[in-house]
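J.: Same order as they appear, the protein sequences are chains A and B. Just so we're aligned, residue 12 is where the first sequence starts under this note's numbering, counting upward by one. Just so we're aligned, residue 194 is where the second sequence starts under this note's numbering, counting upward by one. I have a structure I would like to understand better, so I am pasting it below and will then ask my questions one at a time.
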Amino acid sequence: MIALSQRIFQFIIFQRRYISIVFVVLVVLIALAAAERLYLSSVESNWEIIKKEEENALREYLSKEFRTFEKDMVNAAVRITASLQTSALRPQSTENFMQLFDLLQRNFIHGYSLELYSSDKVLLAWAGEKGIDVETTAMSEHRTFYITQAPIYSYAILIEPIVEQESVEGYCVVKRLFDVNYPISNRFVRNEVFVNSFTSKLQLKPQFEFGSRVQSKKNAEQFIFELTTEDGKVLGQALVPTPLLAARQEKIHQTFRRIQYFLFFLIAVSAIVIGLRSVQSSTSVWMKILIWTVSIWLSRYILVWTEIPFSFIQEGIFDQTYFASSFGFGIARSVGDVLISSMCLLGNVIVITWILGRKLQDKQAFGLHNSILIAALLVIIGVLLMFFFRGYAATIRSAVFDSTFHYNDPMFILPQFPLAVMLFSLFLVTIAFVLASIGMMYIAFTLVGRLLRLQHYGIIAWLVVLVFFALMSALFGILHPNPLLSQIERLAYVALLVIITFLSYDVQQHRMRLLKVRTLILTFVVVFLLVIPLTDRYVRESDNTHVEFLAHISTQPMDAWLTFVVNKALSELSQADAANVLQSGNEMQKDKLAFTAWARSILSKEGYNCWVMYVDSSGMPVSDFYLGSIRHPWFEYSIREPAVPMPVTVEEKTVDGYAMKTYKGYNPVILSSGKTVGGVWVEVSAAPQFLLTKESPEIFRNYPTEIMRAQHRTIVFSEYHDGKLVYSSSESFPVERPLPQAVTHRSESGFWLEEVIEGVEYESYYLRQNNNYLSFSLEALSFRWHLFVMVRMVMFYLLVSFVSAVVVLTILRLKKVPVQFGVRTKLLLAFLVISFIPIAILAYYNRLYAIERIEQNLIERLKDETDLVAATLQKQYGYETPSDLDQMTDDNAKEISENINTDFSVYRGTIVHVSSKPEVYEADLIDDRISAGAFSNIMLRKKNFYNEHRTLGTVSYLVGYRQLVSQAGAIIGIVAVPTLFRQNEIDEEIIERNAYLFGTYALALMIAVVVGSIFANQIAAPVRRLQQATRRVAVGDLDVQVSSERNDEFGELERAFDTMTQDLKALQEQSARVQRELAWKEMAKQVAHEIKNPLTPIKLSIQHLRQAYRDGAQDFGKILTQLTETILTQIEALSRIASEFSHFARMPERKFELCDIHQILNEAAALFKQHEQLLFNFSLNAHSAHVLADKEELRRAFINIIRNAVQAMNEKGSVSILTSSDRQNIHIAITDTGTGIPEEIRNRLFEPNFSTKTEGMGLGLAIVKKTVGDLNGTISIESTVGTGTTVHIRFPLQTNILEH
Amino acid sequence: MKKYLLHSLIILVAIVFLAYRTCAQISAKQDEKRAADDEILSIFADVQRGILQGNVGLFTQYFSPQIYLNVQNIGDGYYSSNQASSLLENFFNMRRTLNFKLSTYVTDVTMPYATGGGLFVYRGSRETLQVYVSLVKHQGRWVIAQFNVY
């Protein structure tokens, strides 16, 4: 009990700094909880005052932002008027007009629209989108500022009169986007509006009312803030949500929660530090592994729990719409989280491998001798590995299935950032998986060796491991219902992992060497072989699942759902704001009412084909908008009793030969006073193509190309009736194609079939409905495609590996850790860099050139197409004057467009007159005024053709313009052909080019790598041979020869080396002979000297004995006893001398093995434990104590040193044995408390025959020095007379020894 | 006479047997439909409870392997059940439910649905949301195939 208390006390003292942090933080946490409670109750009791303050703050902020917004517009107008000469506002020639256009272009600001009007309010020049027509009635001698609403956007408009000598010479108009009214955020709608800029800051969205729309009153849910101009004019009002107590409390709670999270984070970090500090003092491998693992994953879960960084960032890689999974309680809820988790996983595996690897180097690590236990362990490892496989496959599957990534998107050679992060994370997970698997293989291999009692871990052990895992894999496949990997895949991976483990195993050293270049390369090959095909496989599986799901959903009757949609739309579209527009709105508002109402309704959110039409109180149409469906004549919708709603009806009809199902309803539009001011019709149509069910709205959502795509492949849906194809979404499928024979033989309702249609291979999913079939076909992936995907991924991973290597090397360099590469590696790197740079430059410029070519090609096509449109129009209508264009309608344009397969618009003057896609102009998605560039180039500069880039939201596209010339040669209009509607075609061209070029570059780079590798090997081979030979020479092997048949400088060098070693050998032999002679002489002298000493007493004793015998001495018996005793003693001495010399001279063959110094020191000291007055103190702190040596020889050396120490203390005192280690060496210090060694003899201690003792030959320390020296170690003695002596020994650790 | 009586008896027994079988079949079908209705209603009840308690785990278990989501600020499209669960969990975690009720249920169709609305607090403001949930039969059980939040 006392011991435990002491240990706890010691622990607290050791960790006091971190424990005190934890304690302080806990106290702060308790205080915070109390403070939060107090603060919340204070806010609740003073809520009315706080609410007022918040409202005032919001007012102030809005007012400030609005003034800045207005001021920027005024500045823009002032800048233009200041640089304008008023005479320019009375242009006399096209040059004058062009100057005005240029002036506006120079002063143009992104997001603004600039216009110049003459004094009689005629538009002279413009820059930017028209947006909305300016109210010319508002033009006066004073500055005017107002805000008005268009269907999609609200605009702020500033009219600045240009005055000279008190006379208005013209007007400068500045328009700027104020708000977006369109509720759907999509890429076609611009988002840089004034309101959005502060909505993101305030995190609330006020609504605005201007002009006639100002009608809302203050209520409990919103307060009203008047928007006034600099000069005090009220423009409208902002309806700002009233601050809520619940929201305020939530905000306070959130703030406190974040602080608490931070504090918990501190506690956790302290706990982890305490844990890791404990690791250092722990000797148990398993405890170290446990503490590290717990620390790593505790840190990870703390991040999850405290929602760091998820609560701060929910965009980019933390956007869950890219990827999200509920796996692991939140460690994979976004791509960013997957990245963090995969780093933790890899870190964990590396730590375990590192710790366990060191343990496994000891052959006795598993003190297991029980065969049953070993076999049981093997089975556990086998099962674990199989679950590893499954877990890994599940990870890759989840990365594909639980994401919206297009993994194999060929549009981009390098993946987009979030996808790149996901791929990188998978790469890390794969490395972790491979490392862990190799570790398990190695353990299994060791156990098999133990089980089979193998002395040498050769090929048999590996084969047994391979067969064992193959059996386990087969068993797993049988027992586990969903192993996620096929049997063949599992077997292939087992074989690869066994091969890597085999190659990583150093037979001589009995340990793993994962850092060998060969092993690393193989490991990466396995990583690639795992991650790339598996990802590709799951992508295909995901495609198929998506197709099957779509097929089944598409054939579900949707009557209930579509009836609900129409009912909901009717309810939304007949709200009070629509009633107000019908009652008192201006013409433009009425005209756009159907579109604006549609845009805010469920119809736009769901994106179905639909038609919305408003009628007035007499039943006459006011406004209509349609999407995708066929427009009906208005009289079909005339209504006799607008005040009576009509329930939703379902009708079947045939339009253009296709059966169609429509869901139609009507609701009256009623003012809040109860007066009916009109009504609204809503019709949703379902899938005209599908004859079988007539209901498949899924394919008619807004972006069918997005929905009906599986990754990059478009799904072709076809319908077979009575054994023949009756409809297909692809024109390449021949009508009346017979149903494949293989289909009729199948009994399942849904199945996959590979088929060739018009020479193209398809994978089709057939779905049977009675005796008719629907098919959903995906174009089969070709070999070239797979190659492209594979090469692209390999290149990406190589790039990632290269960048990671550069980062690691930079860190090592900064930390001044020496990193050396061999000649071959350096040469290979040099070859790679040299070959990569020109290929990269070539690829870059080729891509630029390709893009330029595509654009040039597009421009050429636009030239042709605009020419074709102009010629067709002229041929068909023979226009002579601009007014002749009045004959032409949108329907005519559509007809021509279908005939020539080109969409186009025709401008008359500055405004679009007809278009084959009128809906985009009606919806105000595209400006109906011609761009300033097109107008000035075609109409003013009289260019025949002009092209420019336009943007729609964030989408950029190219438009070609051409003069529409009468037969007399006069310009009567402008034809415009956009590429917007052909984006797919352009994308496909880029894809094709990417796949083709990338494959070529990748092939070139691979050839460069292979050739570079061969050259590097060729050049480096002699250097490496010389290096190895030099090492052998350094250890005394002069028989080494590196002779080669090369005729270059390397060959000469090798031959010179051979000559040198031969000369050296001869010299060495000569020298050795001389040395041997000298040694023999010295030895003879020593032997003679040593033998002489005992011989003298023997001689004297024998002489004395003979004399006594001759003299007949009476005590002859006694003399005999004494003298024979002396003789025997001296003979014993002679024998000892012979033994000592024999020992010194003997050079037994050393048996090298990994020796644990700590263990040997303990064993050596144990021999002296019989001396009761002797105390041994151990302090064995070396983190690594393994050296490669002859264990017995090392033990003798330590026994010798300890014996000297014991003798120096007369067997009384203490001997301290300390060890410590650094990166390369282990240091041993053996200290006694003896009498010490005088300085004069200290230098002679290691000389043979030198001794201060009465017995022994003085060879002990000489032998110790020889032993230490042979192990590349050093020995020194430090001594103080009267205090004691310390023997210092330093050995290089095992890694250094092996290198030598 | 005896023969006539015997024939009549056999016919009567046959009629009674057939009537019994038909009644039993009708009853079984009714039971089946009632069970299906109960299953559907219990899913809708879990959806309502899940949204009310801000615990989407109560109903994400019913998601089909692929689900069509149309949720504010998330965008529409097909997501895996796993991804959809995480997306909705995050969506409702960021909101505090003040009240919510599924008010309309349609169960006697091949794709049953329920719709309703509620009041939430989101970033300091009140927010009214409408929810639409529809089910399909997948591998013998009802699963949520569409989840819309407007």
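Idealized CB from N, CA, C, for every residue including glycine.
So if I threshold CB-CB distances at 9 angstroms, which residues from the segment 607 to 621 of chain A count as touching chain B?
T.: Within the segment 607 to 621 of chain A, the qualifying residues are Ile613, Lys616, Glu617, Gly618.
J.: Mind checking who Met624(A) pairs with in its DSSP beta bridge?
T.: Asp635(A), Trp692(A)
J.: With distances taken between CB atoms, is the gap from Gly122(A) to Leu188(A) smaller than 9 angstroms?
T.: yes
J.: Within the continuous beta strand (DSSP E) that includes Ile1286(A), where are the two ends?
T.: 1285 to 1291 is the extent of the beta strand (DSSP E) around Ile1286(A).
J.: Are the beta-carbon atoms belonging to Arg344(A) and Ser279(B) less than 9 angstroms from one another?
T.: Yes; because the gap between Cβ atoms is below 9 angstroms, this pair is in contact.
J.: Would a C-beta distance cut-off of 9 angstroms place Val988(A) and Glu876(A) closer than the cut-off?
T.: In contact: Val988(A) and Glu876(A) (Cβ atoms closer than 9 angstroms).
J.: Helix, strand or coil for Gln260(A), going by three-state DSSP, please let me know.
T.: helix
J.: Taking the beta carbon of Ser409(A) as the centre, do at least 16 other beta carbons fall within 10 Å, making it buried, or is it exposed?
T.: Ser409(A) comes out buried.
J.: With a cut-off of 8 angstroms on the beta carbons, I'd call Leu975(A) and Leu859(A) a contact; round off their distance for me.
T.: With 8 angstroms as the limit, Leu975(A) and Leu859(A) do not qualify as a contact, their Cβ atoms being about 35 angstroms apart.
J.: When the Cα atoms are used, what is the spatial distance from Ile278(A) to Val284(A)?
T.: Each residue's Cα considered, the two are about 10 angstroms apart.
J.: Kindly provide the ranges of any beta strand (DSSP E) runs that are 3 or more residues long and lie completely inside the segment 1157 to 1191 of chain A, ordered along the chain.
T.: 1163 to 1167, 1185 to 1191
J.: Can you have a look at Leu1139(A) and say buried or exposed, based on whether 16 or more other CB atoms are within 10 angstroms of its CB?
T.: exposed
J.: If the cut is a Cβ gap below 8 angstroms, which residues of chain B does Phe334(A) touch?
T.: Gln276
J.: Quick check on the burial criterion: 16 or more other C-beta atoms within 10 angstroms. Buried or exposed for Met4(A)?
T.: Since the first and last residues shown for chain A are 12 and 1311, residue 4(A) lies out of range.
J.: Identify which residue in Phe744(A), Gly770(A), Tyr731(A), Val746(A) has its Cα closest to the Cα of Gln752(A).
T.: Tyr731(A)
J.: What's the C-alpha gap between Asp627(A) and Lys672(A)?
T.: 27 angstroms
J.: If the criterion is Cβ atoms closer than 9 angstroms, does the pair Val145(A) and Glu126(A) meet it?
T.: yes
J.: Taking only the alpha-carbon atoms, compute the straight-line gap between Val204(A) and Leu936(A) and give it to the nearest angstrom.
T.: 15 angstroms
J.: Can you say whether Leu825(A) is buried or exposed, counting buried as having 16 or more other CB atoms within 10 angstroms of its CB?
T.: exposed
J.: DSSP three-state label for Pro1249(A), please.
T.: Coil at Pro1249(A), not helix or strand.
J.: Quick check: the segment 320 to 340 of chain B against the segment 299 to 307 of chain B, are there 3 or more CB pairs under 8 angstroms?
T.: yes
J.: Just tell me which of His1197(A), Tyr784(A), Val576(A), Lys675(A) has its CA closest to the CA of Asp1233(A).
T.: Nearest to Asp1233(A) by C-alpha distance, out of His1197(A), Tyr784(A), Val576(A), Lys675(A), is His1197(A).
J.: Three-state secondary structure (DSSP) at Met1071(A)?
T.: helix
J.: Excluding the five sequence neighbours on either side, which residues of its own chain have a C-beta within less than 7 angstroms of the C-beta of Val746(A), listed in chain order?
T.: Leu736
J.: Please state whether DSSP places Lys837(A) in a helix, a strand or coil.
T.: helix
J.: Considering only residues of the segment 243 to 305 of chain B, which uninterrupted alpha helix (DSSP H) runs meet the minimum length of 4 residues and lie entirely inside it, listed in chain order?
T.: 250 to 253, 274 to 286
J.: Note down the Cα distance separating Ser310(A) from Cys355(A), rounded to an integer number of angstroms.
T.: Taking the straight line joining both Cα atoms gives about 9 angstroms.
J.: Could you give the uninterrupted runs of the beta strand (DSSP E) lying entirely in the segment 771 to 850 of chain A, keeping only those of 3 residues or more?
T.: 771 to 780, 783 to 790
J.: When you compare the CB positions of Ile30(A) and Ile23(A), do they come within less than 9 angstroms of one another, or not?
T.: Cβ distance < 9 angstroms, so Ile30(A) and Ile23(A) count as in contact.
J.: Under 9 angstroms, do Tyr166(A) and Ile143(A) count as touching if we go by C-beta distance?
T.: Yes.
J.: Taking 9 angstroms as the CB-CB cut-off, is Glu282(B) touching chain A?
T.: yes
J.: Residues of chain A with CB under 7 angstroms from Arg334(B), in chain order?
T.: None at all; the shortest Cβ gap to chain A is about 15 angstroms.
J.: What's the gap between the Cα of Asp104(A) and the Cα of Trp609(A)?
T.: Rather than Asp, the amino acid found at residue 104(A) in this sequence is Ser. Roughly 46 angstroms between the two C-alpha positions.
J.: Beta-carbon within less than 7 angstroms of Leu95(A)'s beta-carbon, same chain only, minus the 5 sequence neighbours each way: which residues are those?
T.: When the five nearest sequence neighbours on each side are left out, the beta carbons in the same chain lying within less than 7 angstroms of the beta carbon of Leu95(A) are those of Leu114, Ile173, in order along the chain.
J.: Can you tell me whether Arg501(A) is buried or exposed? The criterion is at least 16 other CB atoms within 10 Å of its CB, across all chains shown.
T.: buried
J.: Starting from Ala249(A) and walking both ways along the beta strand (DSSP E), at which residues does that stretch end?
T.: 245 to 252
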